[in-house]
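Engineer:
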Amino acid sequence: MKIKEIIQKLEAFHPPLERPHTCDVVKIGDTDVECSGIILTCFASMEVVRKAVQEKANLIICHEPLFYSHEDTTEWLDGDPVYEAKRKLLEENQIVVYRDHDHIHGDHGGKNIDGIFYGIMNELGWKEYVVGDTKKPLLYEIPQTTVPELADFLMQKLNISGIRVVGSHDTIVRRVLFCEHVQGTKPFKNPTEIPDSAVMKRVRQEQVDVLIPFEIIDWTLSAYIRDSCAAGMPKTILEMGHFNVEELGMRCMVRYLPSVIGCEVPMKYVQSGDSFSYIVR
Numbered sequence: 216m217k218i219k220e221i222i223q224k225l226e227a228f229h230p231p232l233e234r235p236h237t238c239d240v241v242k243i244g245d246t247d248v249e250c251s252g253i254i255l256t257c258f259a260s261m262e263v264v265r266k267a268v269q270e271k272a273n274l275i276i277c278h279e280p281l282f283y284s285h286e287d288t289t290e291w292l293d294g295d296p297v298y299e300a301k302r303k304l305l306e307e308n309q310i311v312v313y314r315d316h317d318h319i320h321g322d323h324g325g326k327n328i329d330g331i332f333y334g335i336m337n338e339l340g341w342k343e344y345v346v347g348d349t350k351k352p353l354l355y356e357i358p359q360t361t362v363p364e365l366a367d368f369l370m371q372k373l374n375i376s377g378i379r380v381v382g383s384h385d386t387i388v389r390r391v392l393f394c395e396h397v398q399g400t401k402p403f404k405n406p407t408e409i410p411d412s413a414v415m416k417r418v419r420q421e422q423v424d425v426l427i428p429f430e431i432i433d434w435t436l437s438a439y440i441r442d443s444c445a446a447g448m449p450k451t452i453l454e455m456g457h458f459n460v461e462e463l464g465m466r467c468m469v470r471y472l473p474s475v476i477g478c479e480v481p482m483k484y485v486q487s488g489d490s491f492s493y494i495v496r
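In this text, residue positions in the sequence shown follow the working numbering: the first is 216, and each later residue adds one.
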């Protein structure tokens with residue numbers, strides 16, 4: 216099967232987007248060739264590209280940008296040695312990179328489910344613990360545990376070596392909220408509020424014990440959680456990084472993509488690698 220046919224089948228699996236513009240396009244490569252193999256990953260890093268070469272796969276389906284900006288514009292990278300090295304590696308090995316971001320977040324197989332968060336839920340084995348919205352599962356009520364036990368569980372599932380902790384290490388954990396991007400910069404529904412205020416309100420309203428953000432800054436939610444602990448209301452943030460968490464959504468994809476494309480193509484999930492390493496004293 217040609218690469219362009221695989222991409223067409225994947226896009227047909229996701230219902231059409233309502234938005235007029237999408238970043239889900241072929242980022243590099245000729246799709247009018249037979250597919251020799253597929254690599255699924257969150258970020259098509261240099262290491263992932265080299266793994267594709269090793270596996271003799273000529274299609275990488277990734278979730279995040281290839282060239283360091285949301286739209287993957289490259290004019291600003293002309294002459295940049297990192298960009299040139301990565302592009303050369305892809306071109307010399309005739310690898311196609313296709314991004315599946317808006318579609319997989321928009322709908323999963325016509326079920327009106329966010330495919331990334333569906334994948335996170337399934338890879339963690341937390342389907343029975345979802346609270347509220349099952350279309351985009353973010354809030355869970357899990358069997359009571361401790362922060363160290365939960366952190367160890369997440370590190371095993373995400374295959375990472377550490378987690379940054381804000382707040383208490385002694386919080387009794389029942390309710391866990393994936394609070395997505397905590398950036399504090401863009402206008403929210405009420406322009407007098409920062410978007411992070413909605414997360415802080417949800418902590419109180421939903422009685423959240425542990426929060427898992429994708430990005431985090433110090434002066435909004437982090438500060439709130441530190442003061443909550445100081446006021447005798449222990450809460451905890453477990454911060455693992457955007458790519459590390461969403462890897463689970465792409466790992467889950469390897470389970471259903473074979474039936475979507477309907478043909479025998481070698482396929483493998485490749486973790487793009489732990490985003491962080493730690494020097495501790």
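Think of the CB as a built atom: it goes at the ideal place given N, C-alpha and C, for glycine as much as any other residue.
If we ignore side chains and look at the alpha-carbon of each, how far apart do residue 455 and residue 428 end up?
Structural biologist: Start at 1 with the first residue of the sequence shown, and residue 455 comes out as number 240. Start at 1 with the first residue of the sequence shown, and residue 428 comes out as number 213. When rounded, the distance between both Cα atoms is 8 Å.
Engineer: Can you tell me the Cβ-Cβ gap for residue 281 and residue 312, rounded? I've got them flagged as a contact below 8 Å.
Structural biologist: Residue mapping note: residue 281 aligns to position 66 of the sequence shown, counting from 1. Residue mapping note: residue 312 aligns to position 97 of the sequence shown, counting from 1. With 8 Å as the limit, residue 281 and residue 312 qualify as a contact, their Cβ atoms being about 5 Å apart.
Engineer: Quick one: measure Cβ to Cβ for residue 464 and residue 331, integer angstroms, because I've assumed they're closer than 8 Å.
Structural biologist: As a first step, residue 464 must be located in the sequence shown, where it is residue number 249. As a first step, residue 331 must be located in the sequence shown, where it is residue number 116. Contact flag correct, Cβ pair sits at about 3 Å.
Engineer: Starting from residue 265, trace the alpha helix (DSSP H) both ways and give me its first and last residue.
Structural biologist: Along the sequence shown, one-based indexing puts residue 265 at 50. 261-269 is the extent of the alpha helix (DSSP H) around residue 265.
Engineer: Could you give the distance in angstroms between the alpha-carbon of residue 393 and the alpha-carbon of residue 426?
Structural biologist: In the sequence shown, residue 393 corresponds to position 178, counting from 1. In the sequence shown, residue 426 corresponds to position 211, counting from 1. Straight-line Cα distance between these residues: approximately 6 Å.
Engineer: Return the first residue and the last residue of the beta strand (DSSP E) that residue 496 is part of.
Structural biologist: Along the sequence shown, one-based indexing puts residue 496 at 281. Residue 496 -> no beta strand (DSSP E), and no H or E assigned at all.
Engineer: Is it buried or exposed for residue 420, if we count other Cβ within 10 angstroms and need 16 for buried?
Structural biologist: Here residue 420 is taken as the residue at index 205 of the sequence shown, counted from 1. Label assigned to residue 420: exposed.
Engineer: Mapping DSSP to helix, strand and coil, what is residue 306?
Structural biologist: The residue labelled residue 306 in the question sits at position 91 within the sequence shown. Looking at residue 306 - three-state DSSP - the assignment turns out to be helix.
Engineer: Pop quiz: residue 397 and residue 432 are said to be a contact at Cβ under 8 Å. What is the actual Cβ separation, rounded to whole angstroms?
Structural biologist: As a first step, residue 397 is located in the sequence shown; it is residue number 182 there, counting from the start. As a first step, residue 432 is located in the sequence shown; it is residue number 217 there, counting from the start. About 7 Å; that satisfies the 8 Å criterion.
Engineer: Can you tell me the Cα-Cα spacing of residue 449 and residue 390, whole angstroms?
Structural biologist: Reading the sequence shown from its first residue, position 234 is the one you call residue 449. Reading the sequence shown from its first residue, position 175 is the one you call residue 390. Between residue 449 and residue 390, the C-alpha separation is close to 13 Å.
Engineer: What number of angstroms, rounded off, separates the C-alpha of residue 438 from the C-alpha of residue 368?
Structural biologist: As a first step, residue 438 must be located in the sequence shown, where it is residue number 223. As a first step, residue 368 must be located in the sequence shown, where it is residue number 153. Looking at the two C-alpha atoms, the distance is approximately 26 Å.
Engineer: So which of 388, 308, 334 and 268 has the shortest CA-CA distance to residue 319?
Structural biologist: As a working mapping, residue 319 is identified with position 104 in the sequence shown. Per the Cα distances, 334.
Engineer: Within a Cβ cutoff of 7 Å, which residues of the same chain sit near residue 338, ignoring the five residues on either side of it in sequence?
Structural biologist: Counting from one through the sequence shown, the residue named residue 338 turns up at place 123. Counting only Cβ-Cβ distances below 7 Å, and skipping sequence neighbours, we find 372, 463, 466 and 467.
Engineer: What is the DSSP secondary structure of residue 277, reduced to helix, strand or coil?
Structural biologist: Position 62 of the sequence shown, counting from 1, holds the residue named residue 277. Reduced to three states, the DSSP call for residue 277 is strand.
Engineer: In whole angstroms, give me the CA-to-CA distance for residue 326 and residue 476.
Structural biologist: Along the sequence shown, one-based indexing puts residue 326 at 111. Along the sequence shown, one-based indexing puts residue 476 at 261. Whole-angstrom Cα-Cα distance: 18 Å.
Engineer: Measure the alpha-carbon distance for residue 283 versus residue 240 and round it to whole angstroms.
Structural biologist: In the sequence shown, residue 283 corresponds to position 68, counting from 1. In the sequence shown, residue 240 corresponds to position 25, counting from 1. Roughly 15 Å separates the two Cα atoms.
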